[in-house]
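Some notes on the structure that comes next.
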Amino acid sequence: MDIPVFILAALLVHCVFLVSIFDIYFSSPLVHGMTPQQTPLPPPAKRLVLFVADGLRADSLYELNSNGTPQAPYLRGILENNGSWGISHTRVPTESRPGHVALIAGFYEDVSAVAKGWKENPVEFDSVFNESKYTWSWGSPDILPMFAKGATGDHVYTFCYAAESEDFGAQDAAKLDIWVFDHVKSFFNSSRSNQTLFSALNEEKVVLFLHLLGIDTNGHAHRPNSREYKENIKKVDEGVKEIASIIDHFYGNDGKTAFILTSDHGMTDWGSHGAGHPSETLTPLIVWGAGINYPQKVTSQFFEDNFLKEWKLENLKRLDVNQADIAPLMASLIGVPFPLNSVGTLPLEYLNNSAHFKAESMFTNAVQILEQFKVKMSQKKENTLSFLFTPFKPLSESEQINFLKKIRLYIQQQKYNEAVSLCKTLINLALEGLSYYHTYDRLFLGLSIAMSFVGWTTYVILVIIKTHTNLTKTVPTNNKKSTVLFYGFAFAGMIIAFFLLIQTCPWTYYVYCLLPVPVWYAVVREIPVIQDLTTNVLSLRIGQSIGFLLVCILGIEILVFSFFYRSALTVGLLVFAGWPVITQLWVQAKTRALIWTLLCVLLAIFPLMPVVGREPNIPLVIAAGLLTLLISCFSLANKYRNNEDLKVYFYQMLSIALSTYVVSSTHDSLKKKLGLPVLNQIISWMILVSSPVLLLLSPTFLFQRLFSILLSLMSTYLLLSTGYEALFPLVLFGLMFVWINMEQEALQRYGLSLKPKLAVFDFAYAVDITQFRELHLDDVRRSFFFVFFIVTAFFGTGNIASINSFDPASVYCFLTVFSPFMMGSLLVLKVVIPFVLVSCAFEAVQVTTQLSSKSLFLIVLVISDIMALHFFFLVKDYGSWLDIGTSISHYVLVMSLTIFMMLMNGLAQLLTTQRLELPRRTKHHST
30 MDIPVFILAA LLVHCVFLVS IFDIYFSSPL VHGMTPQQTP LPPPAKRLVL
80 FVADGLRADS LYELNSNGTP QAPYLRGILE NNGSWGISHT RVPTESRPGH
130 VALIAGFYED VSAVAKGWKE NPVEFDSVFN ESKYTWSWGS PDILPMFAKG
180 ATGDHVYTFC YAAESEDFGA QDAAKLDIWV FDHVKSFFNS SRSNQTLFSA
230 LNEEKVVLFL HLLGIDTNGH AHRPNSREYK ENIKKVDEGV KEIASIIDHF
280 YGNDGKTAFI LTSDHGMTDW GSHGAGHPSE TLTPLIVWGA GINYPQKVTS
330 QFFEDNFLKE WKLENLKRLD VNQADIAPLM ASLIGVPFPL NSVGTLPLEY
380 LNNSAHFKAE SMFTNAVQIL EQFKVKMSQK KENTLSFLFT PFKPLSESEQ
430 INFLKKIRLY IQQQKYNEAV SLCKTLINLA LEGLSYYHTY DRLFLGLSIA
480 MSFVGWTTYV ILVIIKTHTN LTKTVPTNNK KSTVLFYGFA FAGMIIAFFL
530 LIQTCPWTYY VYCLLPVPVW YAVVREIPVI QDLTTNVLSL RIGQSIGFLL
580 VCILGIEILV FSFFYRSALT VGLLVFAGWP VITQLWVQAK TRALIWTLLC
630 VLLAIFPLMP VVGREPNIPL VIAAGLLTLL ISCFSLANKY RNNEDLKVYF
680 YQMLSIALST YVVSSTHDSL KKKLGLPVLN QIISWMILVS SPVLLLLSPT
730 FLFQRLFSIL LSLMSTYLLL STGYEALFPL VLFGLMFVWI NMEQEALQRY
780 GLSLKPKLAV FDFAYAVDIT QFRELHLDDV RRSFFFVFFI VTAFFGTGNI
830 ASINSFDPAS VYCFLTVFSP FMMGSLLVLK VVIPFVLVSC AFEAVQVTTQ
880 LSSKSLFLIV LVISDIMALH FFFLVKDYGS WLDIGTSISH YVLVMSLTIF
930 MMLMNGLAQL LTTQRLELPR RTKHHST
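Sequential numbering of the sequence shown, starting at 30, is according to my numbering.
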């Protein structure tokens with residue numbers, strides 16, 4: 030297979046592997062076609078006011094100050110005297126959109142929303158707002174429009190401030206909440222002179238939604254333990270008190286308003302969210318007003334956490350709910366149909382109503398979830414051959430009728446407790462059944478992808494052996510046999526396609542199920558290679574073969590382990606430190622071996638450090654900038670002869686100096702709450718744009734080009750750093766440069782070639798194809814080093830598999846106004862920079878050890894594919910939400926890594942071999 034064709038095939042296969050995980054584990058659970066369900070009895074409230082304090086942690090609201098006073102006096106008074114309280118448990122991902130969807134629509138957002146940045150509707154869904162008569166909402170332009178867009182008719186009204194107001198560097202983000210409170214006040218004032226609005230406000234089934242983003246913005250900018258975050262909670266408390274008073278007064282204290290205060294997600298101590306840490310998943314819930322229970326005094330209550338004692342709330346009953354349970358609670362309070370896709374269970378303990386009302390509401394809840402189950406079951410039944418369909422036995426049609434009859438009978442006999450108990454059983458079974466049908470095809474699709482994985486990896490190994498080693502003889506192909514083989518596999522493919530066609534499967538199923546056919550056809554065609562390989566392996570010493578295999582397995586397992594425990598990288602790097610001693614390389618290159626060992630030990634410290642962003646340390650960033658300048662001055666002395674090259678070099682040093690200055694002054698300015706200086710912002714963007722250009726102007730000699738790559742990437746990396754991670758690329762580059770030198774020594778030791786002089790080695794020099802040598806066993810070790818260094822580049826300074834490892838403070842030199850796409854892109858760039866350093870070093874290793882880039886890259890592909898197969902089987906959608914989030918991000922990460930490495934291979938070649946030539950000025954001599 031030609032190299033471009035092979036790379037294209039590899040890219041396509043890996044894209045299928047990557048996308049498959051979303052179809053197999055994380056496709057949308059939503060179904061359509063259910064009939065709305067509504068409680069037949071009159072509701073306790075005419076209207077509902079929902080306050081969502083974005084990013085508010087449960088402990089931040091409930092805990093007392095050091096002097097024993099509450100953080101939010103009004104809300105503390107409510108939960109002690111007027112209403113019910115508890116903790117709302119959110120799910121991963123703890124982001125604003127999924128949190129609001131769970132609160133208002135009652136279901137947990139599926140991963141298909143990732144592509145939309147959790148802003149737009151990836152799928153249409155019903156919500157409490159949609160079912161209401163009127164909904165008025167005030168707050169962020171990121172949240173409100175999605176519920177208005179999803180609504181049928183024109184009854185959901187939104188009032189948003191400008192997106193530019195969401196500035197992490199602003200004086201005080203509490204102004205966002207003050208904007209909301211002020212606009213709600215003026216809205217009620219203006220309604221007195223607007224008859225249409227006044228009569229609409231006096232209708233039943235009205236919702237008022239106040240989205241308060243200040244706490245979240247202050248948490249990102251200053252951390253949740255800061256004075257700003259706590260002050261913002263006080264302002265929200267005062268605002269809620271004022272709005273509740275205005276509303277009660279407006280409606281003449283009719284006692285028909287229900288109030289709910291909660292949060293969409295919490296926040297870590299270092300000011301981020303997205304993962305499943307308790308500080309992110311535990312949010313407050315305080316409910317009071319019409320139809321709500323008063324505080325219930327208890328002598329003792331048991332919870333696994335010790336919060337009750339800390340918060341001095343041991344004697345008030347704590348009523349915990351899942352976040353999706355709040356949607357049915359709101360629906361039952363104002364008497365609107367439960368949102369069609371809601372999977373929440375009505376928390377009856379919050380309701381202060383008759384046993385009859387509670388039983389009817391619970392029955393409505395059970396029927397509404399059962400409706401979803403029935404639609405899901407009929408869809409699956411229609412698309413599966415009758416003899417292959419296995420129904421969910423606990424909820425067969427006769428069982429469903431039985432349940433509904435029994436519950437209705439209990440309600441008629443006024444056995445309300447029994448009816449409620451049976452409703453809860455039915456809800457649990459319906460949710461189980463929904464999950465059963467949603468994951469119906471999982472095993473079948475999973476096996477198809479696993480077969481493709483194994484086949485692909487086997488094929489790549491065979492390609493390596495056939496084209497890059499001398500282990501096989503070239504065998505003439507038997508045309509007759511290969512024709513029979515082709516028709517056999519084509520027939521198998523047609524049977525699979527026909528089987529999928531009669532079941533009306535989605536087109537993606539054809540891709541997943543047919544992929545193993547060509548992959549295994551390619552493997553079976555190479556049977557002569559397999560036979561030759563078996564003969565060669567059998568002629569080797571058994572102990573040697575088993576030993577090599579065990580070392581390979583151990584190496585890959587350490588890589589897999591490092592995704593869960595960063596300290597595994599430290600262990601690996603310490604083993605690497607001893608490599609020159611184990612292989613006796615230190616005998617011929619003592620100084621280099623000593624520097625290698627020292628740098629391995631230095632790099633091994635980074636994975637033991639806390640994840641980046643938790644504690645900013647700007648002096649360390651400045652120190653890294655100064656150290657880079659110092660190293661630049663040393664290398665300047667003896668490496669650059671040409672004036673043009675010197676100019677480029679000085680410009681790169683100037684970029685480093687400017688980056689160091691910008692980081693220092695920007696963070697000083699933000700500390701003083703003066704915002705991001707415009708000049709600093711312009712310089713930052715100019716450095717980002719000019720760095721790659723300066724890099725390509727530098728000479729292509731090995732040392733000079735690699736050092737130029739370091740300086741260009743370092744100037745951008747400094748701008749994106751907030752602490753010790755600024756030193757990471759320096760140590761990594763040092764190790765990479767010594768690695769290139771050590772590989773030369775290893776090559777000489779094995780007597781594979783004459784050592785090229787690195788000092789005069791030019792990347793741009795076209796290497797003659799005849800100079801490429803065959804693969805040696807030591808090349809497997811080279812490829813493993815590369816994969817290990819790539820993983821170290823990823824996890825050296827943080828766990829990028831976890832969303833909450835990202836700190837918005839990293840991008841403050843470029844922008845402070847909230848922009849998920851731009852901020853995300855800059856954070857990805859920060860992650861990619863160490864990756865580029867390693868890729869360029871690997872490119873240097875390939876050309877200096879006279880190996881074709883394809884041969885070493887194929888070994889890398891095999892190593893990363895074996896890792897990916899590990900993670901494919903480790904993906905799960907059960908257990909704690911932290912485990913689920915981590916398992917998917919690990920698989921996506923390792924698959925992206927493989928696809929990325931193919932692209933990086935090309936980028937590294939571009940960065941090392943290409944040079945921009947500026948037009949030279951011709952000198953005119955006067956005569």
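Cβ atoms here follow ideal geometry from the backbone N, Cα and C, with glycine treated the same way.
As the structure is a prediction and not an experimental result, all values here were calculated from the model.
Closest residue to residue i among the options (Cα-Cα distance)
{"i": "Leu348", "options": "Ala356, Gly320, Leu380 and Met359", "result": "Leu380"}
{"i": "Cys189", "options": "Leu226, Leu242 and Ser220", "result": "Leu242"}
{"i": "Glu160", "options": "Val185, Ser166, Ser169 and Pro174", "result": "Val185"}
{"i": "Tyr541", "options": "Met715, Leu47 and Asp354", "result": "Leu47"}
{"i": "Lys405", "options": "Met63, Leu749, Lys701 and Val81", "result": "Met63"}
{"i": "Gly825", "options": "Ala633, Phe605 and Leu90", "result": "Ala633"}
{"i": "Val761", "options": "Cys869, Ser481 and Gln330", "result": "According to the sequence provided, residue 761 is Leu. The question's Val does not apply to it. It is Cys869 whose Cα lies nearest to the Cα of Leu761."}
{"i": "Tyr465", "options": "Val483, Lys619, Gln408 and Ile436", "result": "Gln408"}
{"i": "Val157", "options": "Gly106, Ile107 and Val235", "result": "Val235"}
{"i": "Tyr983", "options": "Pro758, Thr419, Glu803 and Leu529", "result": "As displayed, the chain neither begins before 30 nor continues past 956, which places residue 983 out of reach and without an answer."}
{"i": "Gln875", "options": "Lys619, Glu803 and Arg76", "result": "Glu803"}
{"i": "Val45", "options": "Arg595, Pro253 and Val548", "result": "Val548"}
{"i": "Ile233", "options": "Ala360, Phe757 and Tyr258", "result": "Strictly speaking, residue 233 in this sequence is Glu, with Ile absent from that position. That would be Ala360, whose Cα lies nearest to the Cα of Glu233."}
{"i": "Ile685", "options": "Thr745, Phe432 and Ser427", "result": "Thr745"}
Where the alpha helix (DSSP H) through residue i begins and ends
{"i": "Trp208", "result": "Ala203 to Ser220"}
{"i": "Val552", "result": "Pro545 to Val553"}
{"i": "Ala873", "result": "Pro849 to Thr877"}
{"i": "Ser694", "result": "Asn672 to Lys700"}
{"i": "Val718", "result": "Val707 to Leu726"}
{"i": "Val600", "result": "Ser596 to Ala606"}
{"i": "Gly27", "result": "A question about residue 27 goes unanswered here, because the residues of the chain that appear run from 30 up to 956."}
Whole-number beta carbon distance between residue j and residue i, since they are thought to touch under 8 Å
{"i": "Lys822", "j": "Val867", "result": "Before going further, note that residue 822 is Ala rather than Lys in the sequence given. Right, their Cβ atoms sit about 5 Å apart."}
{"i": "Ser713", "j": "Leu748", "result": "5 Å"}
{"i": "Ile262", "j": "Leu90", "result": "6 Å"}
Where residue i sits in the DSSP three-state scheme
{"i": "Arg944", "result": "coil"}
{"i": "Trp299", "result": "coil"}
{"i": "Asn282", "result": "coil"}
{"i": "Cys534", "result": "coil"}
{"i": "Arg734", "result": "helix"}
{"i": "Asn247", "result": "helix"}
{"i": "Ile798", "result": "With a pLDDT of 46 at Ile798, under the threshold of 50, the predicted position of this residue should be treated as unreliable, and no value is reported."}
{"i": "Asp52", "result": "helix"}
{"i": "Ala144", "result": "Interpretation of Ala144 is limited by its pLDDT of 45, a score under 50 that renders its predicted location unreliable; the figure taken from the coordinates is listed afterwards. Of the three classes helix, strand and coil, the one that applies to Ala144 here is helix, per DSSP."}
{"i": "His306", "result": "coil"}
{"i": "Pro636", "result": "helix"}
{"i": "His43", "result": "helix"}
{"i": "Pro99", "result": "strand"}
{"i": "Cys662", "result": "helix"}
Start-to-end residues for the beta strand (DSSP E) that takes in residue i
{"i": "His129", "result": "Where His129 is concerned, there is no enclosing beta strand (DSSP E), although the alpha helix (DSSP H) it sits in stretches over Ser125 to Ala134."}
{"i": "Tyr163", "result": "Tyr163 to Gly168"}
{"i": "Phe238", "result": "Val235 to Leu241"}
{"i": "Gly318", "result": "Leu311 to Gly318"}
{"i": "Tyr186", "result": "Val185 to Cys189"}
Notebook entry, point to check: Quick check: the region 110 to 123 against the region 268 to 280, are there 3 or more CB pairs under 8 Å?
Noted result: no
Note to self: Taking 8 Å as the cut-off, does the region 83 to 99 touch the region 311 to 325 (at least 3 CB pairs, one atom from each stretch)?
What the structure shows: yes
Notebook entry, point to check: Do the region 392 to 406 and the region 361 to 369 make contact, defined as three or more Cβ pairs closer than 8 Å?
Noted result: yes
Note to self: Taking contact to mean 3 or more Cβ pairs, one atom from each stretch, closer than 8 Å, check whether the region 124 to 133 and the region 199 to 213 are in contact.
What the structure shows: no
Item checked: Cβ contact check for the region 641 to 661 and the region 739 to 757: 3 or more pairs under 8 Å -> yes
Notebook entry, point to check: Is the region 43 to 60 touching the region 337 to 357 in the sense that three or more CB pairs, one from each, lie closer than 8 Å?
Noted result: no
Notebook entry, point to check: Is the number of C-beta pairs between the region 595 to 602 and the region 623 to 637 that are closer than 8 Å three or more?
Noted result: yes
Margin query: Whether or not the region 683 to 701 and the region 913 to 933 are in contact is what I'm after, with contact meaning three or more pairs of Cβ atoms, one per stretch, closer than 8 Å; do they touch?
Written below: no
Margin query: Across the region 222 to 240 and the region 161 to 171, are there enough close Cβ pairs to call them in contact, namely three or more that are closer than 8 Å?
Written below: yes
Notebook entry, point to check: Quick check: the region 326 to 337 against the region 93 to 103, are there 3 or more CB pairs under 8 Å?
Noted result: no
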